[in-house]
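For the sequence shown, the residue numbers in UniProt numbering are 1 to 362.
Input: a single structure, listed below in structure tokens.
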Amino acid sequence: MANPSLLAGLFITLLATTLLPEKAQSQDEVKWAKRIETGKEVITTLQFYFHDVVSGDSPTAIKIAQASNGTSLSLFGNLLMVDDALTVGPDPKSKVIGRARGMYGSASQSVLDMGLIMVMGYVFTDGIYDGSSFSLLSINPALHRVREMAIVGGTGLFRLARGYAIAQTYWFDTSGDAIVHYNLLIMITLMSTTSMPCAQAQNESWARRTDTRNEVVTTLQFYFHDILSGRNPTAVQIVPPSRSSTTSFGLLNMVDDPLTIGPDPNSKLVGRARGMYGSAGQTDFGLIMVMSFVFTDGIYDGSSFSLLSINPAGDPVREMAIVGGTGLFRLARGYAIATTYSFDGNTGDAVVGYNVTLATYI
């Protein structure tokens, strides 16, 4: 049965956006999304269909791990890598507007619950939203007809986003294939533009803090060293890729990568990037990044930020969403611009330059 509070909340939010002054509305190029600018924030509502295909010769979701005993009726411990199509309508042949990429796993021991942990980036390819994405991290009680999930960040037109998704199962097959209707609301509070030097902060050579009265904006520059080769790799494979994939779809690596001031691995160490990344693209190298960047230098020693985003690693420059932080980055929202400095095609080793912008409320 549908949750009345979820449906009521969505209705009230959509009604509120329609009552805003007409002059606040921007010109949209697509029928599945509406974007409204209110001066201090931007509100976007979206509707689309999510196609999760686990059966047949061309599944878009594949199992990459399972519990060692494998006896749970709820499939507790199963983990899938996905590259699911997003379409305008429920028909799989309707217009594709993007892809949902990342992982979901069964995180419930009860067969009556079927709670899936969703760790995903939704990347759009249509109209003004082409190249923009949002990050979703939430429990999805999949057996509920209507459920709510949290949007924690985004890139492009969804940079600095917060929001929620209301998901409703449209169709489900005993094979596990499903079509899910999504209604979303994404809110972006615009970053302050008036600034003054932050007199109390001590800037490092690789970091700068600025007080904008309402928030502190920090910019960081460093290099990320991903080492897969040699005797002491900093990234190790924990799940192998699908044998039939040309993009290593399904691969999952655990990492403890050094962060340095310069591209030289011997330059000053300022922190480490720890977490996971996985290959979530079936046609290109789209990595799902689930990582914490923990710093060890100067006033930032002990502070960290969390990154959850799709990384189109084949692009020379890409944007990723920062969804939180600790210490001096507590309550952070932001984004990272990553540029490949060097890549060894034989070993997979890479050095990536990061330019990061973080906003933390005072």
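Beta carbons: idealized from backbone N, C-alpha and C, even for Gly.
Keep in mind that this is a model prediction, so the values were computed, not measured.
Item	Value
Going by CA-CA distance only, name the one from VAL123, PHE134, LEU143, SER133 that's closest to VAL111.	LEU143
Can you name the start and end residues of the beta strand (DSSP E) that LEU358 belongs to?	350-361
DSSP puts SER205 in a beta bridge; with which residues?	In the DSSP output, where bridge partners are listed per residue, SER205 has none listed.
According to DSSP, is ILE117 helix, strand or coil?	strand
Report the partner residues of THR218 according to the DSSP bridge assignment.	ARG209, LEU358
Going along the chain, which residues of its own chain have a beta-carbon closer than 7 Å to the beta-carbon of PHE343, five neighbours each way excluded?	ALA350
Determine the DSSP secondary structure at ILE227, reduced to helix, strand or coil.	coil
Tell me the DSSP secondary structure of GLY98 in three-state form.	strand
Between TYR104 and PHE222, is the Cβ-Cβ spacing less than 8 Å?	no
So which of THR340, VAL30, ILE322 has the shortest CA-CA distance to THR357?	ILE322
With distances taken between CB atoms, is the gap from ASP257 to THR234 smaller than 8 Å?	yes
What does the alpha-carbon distance come out to for the pair GLY271 and LYS31?	44 Å
Whole angstroms are fine: how far does the CA of TYR122 sit from the CA of SER135?	6 Å
Compute the Euclidean distance between the alpha carbons of ALA161 and SER242, then round it to the nearest angstrom.	33 Å
On the criterion of 16 or more Cβ atoms from any shown chain inside 10 Å, does THR18 qualify as buried, or is it exposed?	Low per-residue confidence applies at THR18: pLDDT is 45, beneath 50, and the placement is therefore not dependable, though the value from the model is reported in the following sentence. By the neighbour-count rule (16 or more Cβ atoms within 10 Å), THR18 is not buried but exposed.
When the Cα of ASP301 is compared with those of LEU259, GLN237, ALA167, LEU307, which residue comes out closest?	LEU259
Give a yes or no on contact between the region 34-44 and the region 185-192, applying the rule of three or more CB pairs nearer than 8 Å.	yes
So is TYR361 buried or exposed if we call it buried at 16+ other beta carbons inside 10 Å?	exposed
Do you know offhand how far ALA165's Cα is from SER248's?	29 Å
Where do the ends of the beta strand (DSSP E) carrying GLU37 lie?	33-37
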